[in-house]
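Residue numbers (my numbering): 1397 to 1551.
Working notes, beginning with the structure itself.
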């Protein structure tokens, strides 16, 4: 019985030590696709279609070939404003430029919606353009705050 207790105690100590080492290890950054999927699953986005690099360049002015990673989508219904864009860029200056492009997009989207689709204006106005670590994001959906919490919770 004493040997069993000693083995059990040794196992518990070893497990505690390995758990402590795991907690101190740097957290692996998620891919943009993982962040995108977590937001889509965890919030109330409309049906979304993924955006290819040509569309990103032509519509948003973002050359995704110059980013380290990206995932993007917008509502399949043209009357909905839902947008989710996740961009990864390590370079601070490049990341700042990407964030500026997303902020410009949001401003223009709000200007467009106030005239042509006022029912979706609040969604765009309450949308979020943000940055966490080496990622920049744009979120427009009914509960943009929930999507931002998901994004920031992954880091």
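Think of the CB as a built atom: it goes at the ideal place given N, C-alpha and C, for glycine as much as any other residue.
It should be emphasised that the depicted structure is a prediction, and the values quoted were computed from it without experimental measurement.
Minimum Cα-Cα distance from residue 1489 among the listed residues 1462, 1478, 1506 corresponds to 1462. At a Cβ-Cβ threshold of 8 Å, residue 1530 and residue 1484 count as neighbours.
Taking each of 1546, 1478, 1504 in turn and checking the Cα distance to residue 1457, the smallest one comes out for 1504. Judged by their CB atoms, residue 1523 and residue 1536 are nearer to each other than the 8 Å cut-off. In the DSSP assignment, residue 1532 is bridged to 1483, 1527. Excluding sequence positions up to five before and after residue 1426, its CB lies within less than 6 Å of the CB of 1550, all in the same chain and listed in chain order. Residue 1513 and residue 1498 have their alpha carbons spaced roughly 20 Å apart. Counting only residues of its own chain and dropping the five nearest sequence neighbours on each side, residue 1547 has a CB closer than 7 Å to the CB of 1431, 1435, 1528, 1533.
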